[in-house]
Every structure is written in C-alpha cells, then in structure tokens.
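Residues 1 to 101 in the working numbering are what the sequence shown lists, from first letter to last.
For glycine and all other residues, C-beta sits at the position ideal for the given N, C-alpha and C.
In what follows, a single structure is set out as structure tokens and then discussed.
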Amino acid sequence: MRRPTAVAAGLSVVFLLVMTALGALGAVPWNARQMMVMYSFTWVGFTIGAIPSGRILRDHLRSGAEHPAPQAGGRVVPVRHVVFMCVTVSVMLLLAYVLAS
C-alpha cells in the first residue's frame, strides 16, 4: 500500500505545480489562485467519488503483487461507481468555477 500511496502523492504534487504554473503563465483563462481552487475541489470530488468503490480498490491494491494480470471473471468497478465518480468530480469542478470566478 505504501508504493501506490507514494505514487499518488507524487503525482498530486506534480499536477498541482503544473496547474499553478499554467495559471501563473497565463496559458489558461484563470490565474494561479483560481487553478489551486479548482485543483483542491477536484481532489475533494475525487475522494467523495471513490467512496463507493473503496473496497474494490483496496482489494485490487492488496492483491496486486500476487496477481499482476487481470483475472478472467475478476471484480471490475461497476458502471454506477464510475458514473458517481464522474458526477461528483464534475459537480465539484462546477462549484470551483463558480467560487473562483
């Protein structure tokens, strides 16, 4: 569990720096502060969206070393969990846009 957590934390910092840099350079129509608001709201939406599939994700990460390849008939994330994730992230991005404007 430490390796996936470390990778996620590292990627999170990289994405934050890239989004902030894009805002500071003027490459997007928002400034650096607005990009940080969008980043944080996206993470909150992702965290809330991952709640229904938490057990599936934990089981997958724990068995990753034992079964690196997907097994036939193995557990997949149900479509309703993916839809919930997309809806929560989208709603949080909309709220971030309204707040940052």
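Note that the segment 41–56 touches the segment 80–93; at least 3 beta-carbon pairs, one per stretch, sit closer than 8 Å. With distances taken between CA atoms, S53 lies nearest to V82 out of V37, V82 and A32. Put simply, the backbone Cα of L93 is about 16 Å away from that of A50.
Check the Cα spacing between L95 and each of V79, F41 and L25: the tightest is with F41. If you draw a straight line from the Cα of R3 to the Cα of V77, it comes to about 22 Å.
Between Y97 and M36, the gap from beta carbon to beta carbon reaches 9 Å or more.
By the neighbour-count definition (other C-beta atoms within 10 Å, threshold 16), G26 is an exposed residue.
Comparing C-alpha distances from A100 to each of S12, R55, L61 and A32 shows the shortest one belongs to A32. For A50, the enclosing alpha helix (DSSP H) stretches over residues A32 to A50.
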